[in-house]
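Asks:
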Amino acid sequence: MTRTRAAAALVVLLAAAAALLLLHLLADRQAPVTRAHTRSIEPHPELPAARIAALPEARYDAVIAGLLPARGTAGGDSAYRVREDTALYAADLVTPVARLAARNFLGEPTVVVPVESSGDWVRILTPARQRLPSKGADTSGAPAPAQTSAWLHAHSLSSPTRVAARIIVSVSAQTLRIDGTGTGTGTGTGTGTGTGTGTGAGTGTGTGVGESDGAGVHTWQVGVGAPGTPTPTGVTGYLEARYRDATQGQAEHPVQLTSLHSAAADEPFGGNDGGLIGIHFEASSSGAISHGCIRVPVEALTAVDALPLGTLITIEE
Amino acid sequence: MSPYLSTLRSMIALSMFAAILGALLLVPLSAAAAGIGPGYQEPGKPLNHLGGYLTAGGRVAYCIDAGLPSAVGRETSDSGVVGSVNSLAPVEVFRLNTVLSRYGDTSDANTAAAVAMTVWSIAGDVAYRAQGGDGHVLLRAPADQRMAIQALADRFRAEAASVTTAEQTAVLSISIDAGDDYGGIIALDASPGVSGTVELTNAVFADSGRNSRASVAAGARLVVVAVPPSGSTSYRVLASSSDLSAPAAPVASVHLYSTSGAQTLVASAGSASVVLAASASDFRDRLVPSLTTAAQSSAKVGGTVIDTASLTDVPSSGLQLRWSGYLQPVGTSIPLCTDSRLAFRSSAPVTAAADGVFASELFSVTDRSVGTVFWVATVSRNGAVVAEGSCGDSTETTVITAPAIPVQLTPVHLTPVHLPMVSG
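Have a look at this one:
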């Protein structure tokens, strides 16, 4: 019995030694390596409707501290609607800061313009302010932003529309230019780096003070903000809505409301609508003469009026 | 056998086992002296060698410890392939193996000398320079070969310096056409030489109509067409690949030969193939056209009848709308929309290129269609039905009678309370 147990122990130990030897020998071999690069789909945060309704609406006349300043040039080639009233989030993608209504003050579908994407989220430009100019510079020394943005879950987007053109306003040159009114193709990538191309193929129609290069680029002389009430520069907004309003002397030519606000004064033209920057017809449409708005001749207004809502407008120095 | 003797025999067996195990695991697989390999020796000082050393296994190995005593003539153990040596960073180990794999196994003296110089500068440039650097070690080579060796070493070092990462990568991404949710592009961004099969879910490749493609190479940009799953209201296109193979390339390891108190030698650890997996998904749901319909509620014989469809999320590539009206049998409440009950059908499709409300043609009403008509609107794209109304919808019902029923539509005006005042 004792001899049998000793023999069994020896067999087990030798088997273990053989296995260890085999592992030792195989350790030098280079096995193929498999690595995975997988993107996961983040779950859509289902914020209760009551909580969304309780958030401040990111309207043209709102000031919402939780919104993100949006300075500089922004890119984007698509405009969307939102399916329903939707929460806007801070940069942490967790904190809801505002509500975007599915319909705007005209009762029309609200248009949103994504300028950045990250996973299932898109950062959109918003119509509201983040801070009033009268509050002065923030802790980093930055003045009140003329444009704001916030994050929105892509699940909320609907009705994509390609926006091929872009409005460029040069304050120093006092010009308004429309680039790329021709047909174009664009893509928004799923890796969070939206890309797109627009290829201008239009023909020039500018007359009088306007010029066209026949390649989808049109330029007009325009009026911009006076020194005391300057048009904000170094910023990109979008065409938010358009309407005729006899009380503003714009019964014939629709006002082109942008998402931009004055960065110099809370209400440079008085009232309490948010220091809104509009593009509108004015018989005198040259020089630094406005309260921040872009005053344009009828040809330019007609051209801008033909662009889809959501078209980006960049204001340069 | 006495218990004492039995226990003794067991202990002897265990001791033998321990000795065998120790021999296998605790000491190197082989221990033998390394010899001088290809290269040059300083006249009169054969251990001042510039070049490779021959291991017991016949490999050409190189010293990585400038300034330590030579390993020649000492017991050198084969420590196998290691990913870390002398606290070198992974990229430095990778650079070492790249040079060793490409040029190390050589019998050419100049090549071996240049590899040795390159290995020293990668493994410890400061120490190497402190020992005199290239100018010092090149004195071991014949004067008429030094320039050639230096040129080779410069080339090897440049190749090594160009190696920035050992990582092979492959990333798939999907884009959605900005104006057409049915369009998009699959992109494979990967290390050079990577290729494999890409499988699509809810989409096909535009040129082949298939959902799988083999030999998709790094840098590929392939147009895809989304194919919504039947009955879905939203979906995403997925792309995946599990067999993206990268060509065999040097690994971030070296074959190590250790000698106590003397120079450590390294040889090539060879190359390895890498298989990568990648997947991607749309960053948002793709939109399926949404259809709501409303038919004229009543009509009279001799007049006309019309159906309307409101479409949202229309792709810029357009959709086609058709309407069919089915006369319901008298005396039954079960909707019946079969060809045998067909009373009206669009003579041509109506194209929708953007969201909006679309109207059918005006259908003439005859006495053959008196009764209840159920309408079904069908939305198709490239011949495939993408949305369709259901038979029996209350809003898709027209009651056709002999007497005329005037229909008057009252326009709705939205008057905002306040229009924003711009800054003027």
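In order, the protein sequence lines correspond to chains V and P.
Heads up: the first sequence is residues 1 to 317, going by our numbering.
Heads up: the second sequence is residues 318 to 741, going by our numbering.
Think of the CB as a built atom: it goes at the ideal place given N, C-alpha and C, for glycine as much as any other residue.
1. Would R166(V) and V222(V) qualify as a contact pair, given that the criterion is a beta-carbon distance under 8 Å?
2. When DSSP labels each residue in this structure, what does F600(P) get in the three-state scheme?
3. Can you tell me whether DSSP reads I52(V) as helix, strand or coil?
4. Return the first residue and the last residue of the beta strand (DSSP E) that H218(V) is part of.
5. Let me know the secondary structure DSSP gives A288(V) once reduced to three states.
6. For P345(P), which residues from the same chain have a beta carbon less than 7 Å from its beta carbon, with the 5 sequence-adjacent residues on both sides left out?
7. When the Cα of S508(P) is compared with those of H572(P), G501(P), Q462(P), A534(P), which residue comes out closest?
8. Tell me whether the segment 579 to 598 of chain P and the segment 651 to 660 of chain P touch, counting them as touching only if at least three CB pairs, one residue from each stretch, are closer than 8 Å.
9. Rounding to the nearest angstrom, what Cα-Cα distance links N104(V) and V554(P) in this structure?
10. Please list the segments of the beta strand (DSSP E) lying wholly inside the segment 548 to 594 of chain P, counting only runs of 3 or more residues, in order along the chain.
11. Who are T668(P)'s beta bridge partners in DSSP?
12. Expressed to the nearest angstrom, what Euclidean distance is found between the alpha-carbon atoms of L309(V) and V94(V)?
13. Anything in the segment 527 to 548 of chain P with a Cβ closer than 8 Å to a Cβ of chain V? List those residues in chain order, please.
14. Could you tell me which chain V residues have their CB closer than 8 Å to the CB of D672(P), listed as they occur along the chain?
15. Judging by CA-CA distance, which residue of A79(V), D266(V), Q174(V) is the nearest neighbour of L125(V)?
16. What are the uninterrupted segments assigned as beta strand (DSSP E) that are 3 or more residues long and contained completely in the segment 641 to 692 of chain P, given in chain order?
17. Using the Cα positions of A612(P) and T625(P), report the straight-line distance between them to the nearest angstrom.
18. Looking at the secondary structure, which residues open and close the beta strand (DSSP E) in which A278(V) lies?
19. For the pair the segment 396 to 414 of chain P and the segment 473 to 483 of chain P, tell me if three or more CB-CB distances fall below 8 Å.
20. Determine, using beta carbons only, whether F105(V) comes closer than 8 Å to chain P.
21. So which residues of chain V does F742(P) contact, with C-beta pairs closer than 9 Å?
22. Please report how far the alpha carbon of S404(P) lies from the alpha carbon of Y552(P), in whole angstroms.
23. Spatial neighbours of V399(P) within its chain, please: C-beta separation below 7 Å, excluding the five flanking residues on both sides.
24. So what's Q613(P) in DSSP terms, helix, strand or just coil?
25. Applying a beta-carbon distance threshold of less than 8 Å, which residues of chain P neighbour S117(V)?
26. What first and last residue would you give for the alpha helix (DSSP H) that runs through H453(P)?
27. Per DSSP, which one or two residues make a beta bridge with E516(P)?
28. In the DSSP assignment, what are the bridge partners of G620(P)?
29. Could one say the Cβ of S633(P) lies closer than 8 Å to chain V's Cβ atoms, at least one of them?
30. Do you know offhand how far L113(V)'s Cα is from V591(P)'s?
31. Would R83(V) and I52(V) be called neighbours here (beta carbons separated by less than 8 Å)?
32. Between which two residues does the alpha helix (DSSP H) harbouring E705(P) extend?
33. Using a Cβ cut-off of 7 Å, pull out every chain V residue sitting near T514(P), in sequence order please.
34. What does a CB cutoff of less than 6 Å around D506(P) pick up in its chain, not counting 5 residues either side in sequence?
35. Starting from I466(P), trace the alpha helix (DSSP H) both ways and give me its first and last residue.
36. To which residues of the same chain is S559(P) closer than 7 Å at the C-beta, ignoring the five residues directly before and after it?
Replies: Let me spell this out:
1. no
2. coil
3. helix
4. 218 to 221
5. strand
6. Residue placement at P345(P) is flagged as unreliable, the pLDDT there being 40, under the threshold of 50; the coordinate-derived value follows with that caveat. Here the set comprises S394, D395, S396.
7. A534(P)
8. no
9. 32 Å
10. You should have 555 to 567, 571 to 576, 582 to 585.
11. Beta-bridge pairing links T668(P) to Q637(P).
12. 29 Å
13. none
14. S159
15. A79(V)
16. 659 to 662, 667 to 669, 673 to 676
17. 6 Å
18. One detail in the question is off: residue 278(V) reads as Gly in this sequence, not Ala. Start and end: 276 to 281.
19. yes
20. yes
21. Missing from the structure shown is residue 742(P); chain P here goes from 318 to 741 and no further.
22. 51 Å
23. S570, V571, L573
24. coil
25. F600
26. In the DSSP assignment, H453(P) falls within the alpha helix (DSSP H) that extends over 450 to 454.
27. As a beta-bridge residue in DSSP terms, E516(P) pairs with S529(P), S557(P).
28. Per DSSP, none; premise fails for G620(P).
29. Yes - at least one Cβ of chain V is within 8 Å of the one on S633(P).
30. In the sequence as displayed, the identity of residue 113(V) is Val instead of Leu. Near 41 Å, if we compare the C-alpha coordinates of V591(P) and V113(V).
31. no
32. Here E705(P) belongs to no alpha helix (DSSP H); instead the beta strand (DSSP E) covers 701 to 705.
33. Result: empty, since nearest Cβ-Cβ is about 15 Å, beyond 7 Å.
34. The beta carbon of D506(P) is closer than 6 Å to those of V488 in its chain, skipping five residues each way along the sequence.
35. 463 to 478
36. A594
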